[in-house]
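To start, the structure under review is shown below, and the notes come after it.
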């Protein structure tokens, strides 16, 4: 009883494994023709203008201490610590000066127009 069922199942499985309709050489020629037929991408007329990405200016990767000296770097880092609400702000003299100044600018920008900013924001 099992033998006819197994033979029928095997025949069905093998019948599903047929050769592809086109030969591999024909398939390669077809892909080349398809690649040649592709047109360049054209933006629709009503699409918003696309702007070229502008890379930000490279910030110095050296420490602020080396750039501005120990006293100036410590003063900038102290100013940063006083205004930054971050739990782990980048207010360390060994970080680049631009990173410390960016944190000061970010923290001071959080104040709304009617609010009084700390003195460190205007220094």
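Numbering (UniProt numbering), first residue to last: 1 to 123.
We put the beta carbon where it would ideally sit given N, CA and C, even for glycine.
These numbers were taken from a predicted model, which means no experiment stands behind them.
Item, Value
"Using 8 Å as the cut-off, can you tell me whether the stretch 89-96 makes contact with the stretch 114-122, which would need three or more C-beta pairs spanning the two stretches below that distance?", "no"
"DSSP three-state call for residue 41: helix, strand or coil?", "coil"
"Give every residue of the same chain whose Cβ lies closer than 7 Å to the Cβ of residue 79, excluding the five residues on either side of it in the sequence, and list them in chain order.", "104, 120 and 123"
"In whole angstroms, what is the alpha-carbon distance linking residue 89 and residue 42?", "45 Å"
"Could you tell me if residue 77 is buried or exposed, where buried requires 16 or more neighbouring beta carbons within 10 angstroms of its beta carbon?", "buried"
"Going along the chain, which unbroken runs of the alpha helix (DSSP H) with 4 or more residues stay wholly within the stretch 54-102?", "64-68 and 70-83"
"Assuming residue 67 and residue 97 make a contact with CB atoms under 8 Å, what is their CB distance in whole Å?", "5 Å"
"Once the 5 residues before and after residue 99 are set aside, which same chain residues still bring their CB inside 6 Å of it?", "90"
"Could you please give the first and the last residue of the uninterrupted alpha helix (DSSP H) stretch that includes residue 16?", "2-16"
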